[in-house]
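Student: Here's a structure for you.
Number of protein chains: 2
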Amino acid sequence: MRYKMVVEYDGTPFVGWQRQQNGVSVQSVLEKALKIICRETVEVFGSGRTDAGVHALGQVAHFDTSVTLDPFRLRESLNALVRPFPVSVHSVEAVEDSFHARFSARQRVYLYRLSDTPFPPVLNQNRVWWYKHKLDETAMDHVAQLLIGKHDFSSFRASECQAKSPVKTLDEIHVYRQGEEVHMIVKARSFLHHQVRNMIGTLVHVGTHRIDQHDFQKILDAKDRRMAKETAPACGLYFVRVVY
Amino acid sequence: MRYKMVVEYDGTPFVGWQRQQNGVSVQSVLEKALKIICRETVEVFGSGRTDAGVHALGQVAHFDTSVTLDPFRLRESLNALVRPFPVSVHSVEAVEDSFHARFSARQRVYLYRLSDTPFPPVLNQNRVWWYKHKLDETAMDHVAQLLIGKHDFSSFRASECQAKSPVKTLDEIHVYRQGEEVHMIVKARSFLHHQVRNMIGTLVHVGTHRIDQHDFQKILDAKDRRMAKETAPACGLYFVRVVY
Chain A
5 MRYKMVVEYD GTPFVGWQRQ QNGVSVQSVL EKALKIICRE TVEVFGSGRT
55 DAGVHALGQV AHFDTSVTLD PFRLRESLNA LVRPFPVSVH SVEAVEDSFH
105 ARFSARQRVY LYRLSDTPFP PVLNQNRVWW YKHKLDETAM DHVAQLLIGK
155 HDFSSFRASE CQAKSPVKTL DEIHVYRQGE EVHMIVKARS FLHHQVRNMI
205 GTLVHVGTHR IDQHDFQKIL DAKDRRMAKE TAPACGLYFV RVVY
Chain B
5 MRYKMVVEYD GTPFVGWQRQ QNGVSVQSVL EKALKIICRE TVEVFGSGRT
55 DAGVHALGQV AHFDTSVTLD PFRLRESLNA LVRPFPVSVH SVEAVEDSFH
105 ARFSARQRVY LYRLSDTPFP PVLNQNRVWW YKHKLDETAM DHVAQLLIGK
155 HDFSSFRASE CQAKSPVKTL DEIHVYRQGE EVHMIVKARS FLHHQVRNMI
205 GTLVHVGTHR IDQHDFQKIL DAKDRRMAKE TAPACGLYFV RVVY
């Protein structure tokens, strides 16, 4: 039987989604809990990796097991067994064998949160990037629209990115103010490694009027990571949901 | 010179606002930082105490010092010196000697956040009360209106409350849904010890239809703490702002 689950996590204490030698990953926490429940080794496949410190509101994963399980009770057991790690299974459902968390995904949605207050956001520590400088979210949203569509995103690609091609299609991007925060929502079938964090890391320079639309277009066209700005911190990034 | 400040804090690591022997308080963290800045002992007066674990979005405090300070630089110094404690000074301003953070207050506003999802809210751990059971926020809001006005709130008063009288006047109360959370906003000149947490601790029984409007009225009229329900956890409570 194949099961699909939707998972929330606080990325702060993890080395990331993916199992690694050097620390605790979300995947390993879920696999350990499932091994106890199913009494067999279970491999969990995520819809995408998230880096150390990156959060998820709705990561999707699937796994196969020879055991037949009640989805409701499975969720309860998982949430009890993953403790004290900050992982929460929102839902579990039995799915067709043709469903694959990664390969069946049609769209992934990410949120990036920044705080542009002059004082530190202590209740949202590790939940937002404290940028300190006032941001012009209207300018950021306007310039961000240059990223829509099919582009070679090499300027926003991490050097260690393993994707075959730097060409991706961005479906939607919105930058808007939410109280004392600036949020960016991005939607695409898939992203390059660090693409979202590199895009927002350059867009904040638009938000403080250090670069304009013309400069931003030049950075995109250069297809050269050295032309873009710094990678934004992991703590502001949220994997929101997957569309299948 | 007298200065007024607006302070945000994450209540989780503190014994509360008030200086105490058995742990770190928000007041002591601010007083230690001010002693370094002013080079003299400074006493900080808060507009009200908050218990261990209770948060503040806009606690107000004042202090006197013989030193003349630039409010903007004072805020920057304070925010640097309170680290690594989760305290953030939003603003500092020079005020008249007649201003008193506690005695000049005309209204205090509190927010209580609950999550009624069947899965734990891990990204909001220590930020909401995870109640688990679905709440009928419309019923809660309706019944909560019985609390408006001048009442003897003995049924919602902590045994260790030091107020002279159990009679208080509640100006406003609203219960409403915010996504996967239920929020309660309350406004009054002042509150009894644990009053907000005891009110919401009983209102959740209305939200799960275990008690109705008639029962709730009886609890209020009884003027007896044993008639009301459990005290809601500190982690869901936020001191939002003070009106002067």
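Residue numbers (this note's numbering), protein chains in the order written: chain A, 5 to 248; chain B, 5 to 248.
Idealized CB from N, CA, C, for every residue including glycine.
(1) Give me the DSSP bridge partner(s) of B/Phe67.
(2) Just mark B/Ile40 as buried or exposed, buried being the case when its beta carbon has 16 or more other beta carbons within 10 Å.
(3) Check distances from the C-beta atoms of the region 47-73 of chain A to those of chain B and list, in chain order, the residues that come in under 8 Å.
(4) Considering B/His146, what are the terminal residues of the alpha helix (DSSP H) in which it resides?
(5) Take B/Gln63 as the anchor and find which of B/His187, B/Val96, B/Pro125, B/Arg230 has the nearest alpha-carbon.
(6) Mark B/Tyr13 as exposed unless 16 or more other C-beta atoms lie within 10 angstroms of its C-beta, in which case mark it buried.
(7) Starting from the beta carbon of A/Asp14, find every residue of chain B whose beta carbon is closer than 8 Å, and list them in chain order.
(8) What residue range is occupied by the uninterrupted beta strand (DSSP E) comprising B/Ser95?
(9) Establish whether the CB of A/Val93 and some CB of chain B are separated by less than 8 Å.
(10) If you follow the beta strand (DSSP E) that B/Val247 is in, where does it begin and where does it stop?
(11) Is B/Ser29 buried or exposed, if buried means 16 or more other CB atoms sit within 10 Å of its CB?
(12) DSSP state of A/Val208, grouped into three classes?
(13) Nearest-angstrom Cα distance between B/Ile223 and B/Lys138?
(14) Under a Cβ-count criterion, where at least 16 other Cβ atoms within 10 Å of its own Cβ denotes burial, should A/Gly27 be classed as buried or exposed?
(15) Below 8 Å on the Cβ atoms is my guess for B/Glu35 versus B/Val19; work out the distance and round it to an integer in Å.
(16) Please go through the same chain and pick out, in chain order, the residues whose beta-carbon is closer than 6 Å to the beta-carbon of A/Asp251, but skip the five residues on each side of it.
(17) Hey, how far is the Cα of B/Ser163 from the Cα of B/Asn202?
(18) Grouping DSSP H, G and I as helix and E and B as strand, with all else coil, what is A/Leu115?
(19) Which term fits B/Met5, buried or exposed, when burial requires 16 or more other beta carbons within 10 angstroms of its beta carbon?
(20) Taking 8 Å as the CB-CB limit, is B/Phe123 close to chain A?
(21) Please list the partners that B/Asn83 has in chain A, where partner means a Cβ-to-Cβ separation under 8 Å.
(22) Would you say the region 49-57 of chain B touches the region 73-86 of chain B, given that touching needs at least three Cβ pairs under 8 Å?
(23) Which first and last residues belong to the alpha helix (DSSP H) in which A/Ile40 is found?
(24) Indicate whether A/Val246 and A/Arg112 have their beta-carbon atoms separated by less than 8 Å.
(25) Quick one: residues in its chain with C-beta nearer than 6 Å to the C-beta of A/Leu151, no 5 flanking neighbours on either side, listed in chain order?
(26) Measure from the C-beta of B/Pro17 to each C-beta in chain A and report whether the shortest distance is under 8 Å.
(27) Apart from the five residues on each side of it in sequence, which residues of its chain come closer than 8 Å, Cβ to Cβ, to B/Ala238?
(28) For A/Gln182, which beta-bridge partners are listed by DSSP?
(29) Does chain B have any CB closer than 8 Å to the CB of A/Arg245?
(30) Assuming B/His187 and B/Tyr116 are in contact, meaning their beta carbons sit under 8 Å apart, how far apart are those beta carbons, in whole angstroms?
(31) Report yes if the C-beta distance between A/Glu1 and A/Tyr180 is below 8 Å; otherwise report no.
(32) Taking only the alpha-carbon atoms, compute the straight-line gap between A/Met144 and A/Arg230 and give it to the nearest angstrom.
(33) Could you name the residues that DSSP lists as bridge partners for B/Ile177?
Tutor: Let me lay it out:
(1) In the DSSP assignment, the residues bridged to B/Phe67 are B/Tyr7, B/Val48.
(2) Classification for B/Ile40: exposed.
(3) Along the region 47-73 of chain A, going in chain order, the ones with a CB nearer than 8 Å to a CB of chain B are His59, Leu61.
(4) Its alpha helix (DSSP H) spans residues 141-148.
(5) The residue with the shortest Cα to Cα distance from B/Gln63 is B/Val96.
(6) Flag for B/Tyr13 reads buried.
(7) Near A/Asp14 (Cβ distances below 8 Å), the residues of chain B are Val126, Leu127, Gln129.
(8) For B/Ser95, the uninterrupted beta strand (DSSP E) segment begins and ends at 91-99.
(9) Taking 8 Å as the threshold, the shortest C-beta distance from A/Val93 to chain B falls below it.
(10) First-last of the beta strand (DSSP E) with B/Val247: 241-247.
(11) By the 10 Å Cβ count, B/Ser29 comes out buried.
(12) A/Val208 falls in the helix class under three-state DSSP.
(13) Using only the alpha carbons, I get a separation of about 23 Å.
(14) The residue in question, A/Gly27, is exposed, as its Cβ has fewer than 16 Cβ neighbours within 10 Å.
(15) Contact check for B/Glu35 and B/Val19: beta-carbon distance about 14 Å, past the 8 Å limit, so the pair fails to qualify.
(16) A query on residue 251 of chain A cannot be resolved here, the shown segment of chain A reaching from 5 to 248 and no further.
(17) Their backbone Cα atoms lie some 12 Å apart in a straight line.
(18) DSSP places A/Leu115 in the strand class (E or B) of the three-state scheme.
(19) Under the 10 Å beta carbon count, B/Met5 is surrounded by fewer than 16 other beta carbons and is classified as exposed.
(20) Contact of B/Phe123 with chain A is assigned, a C-beta pair being separated by under 8 Å.
(21) Simply Phe123, Pro124.
(22) The region 49-57 of chain B, when compared against the region 73-86 of chain B, does not touch it at the 8 Å Cβ threshold.
(23) Note, A/Ile40: alpha helix (DSSP H), 30-42.
(24) Yes, these two residues count as a Cβ contact at 8 Å.
(25) Correct list, in chain order: Leu174, Ile177.
(26) Contact with chain A is absent for B/Pro17, since none of that chain's Cβ atoms lies less than 8 Å from the residue's Cβ.
(27) In the same chain as B/Ala238, and ignoring 5 residues on each side of it, the C-beta atoms closer than 8 Å to its own belong to Gly15, Asp55, Ala56, Gly57, Val58, Arg201, in chain order.
(28) By DSSP's assignment, A/Gln182 forms a beta bridge with A/Glu185.
(29) Taking CB atoms only, A/Arg245 has no neighbour in chain B less than 8 Å away.
(30) With 8 Å as the limit, B/His187 and B/Tyr116 qualify as a contact, their Cβ atoms being about 7 Å apart.
(31) For chain A, the structure presents residues 5 to 248; residue 1 of chain A sits outside this window and is missing.
(32) Taking the straight line from one Cα to the other gives about 21 Å.
(33) According to DSSP, which records beta bridges pairwise, B/Ile177 is partnered with B/Val190.
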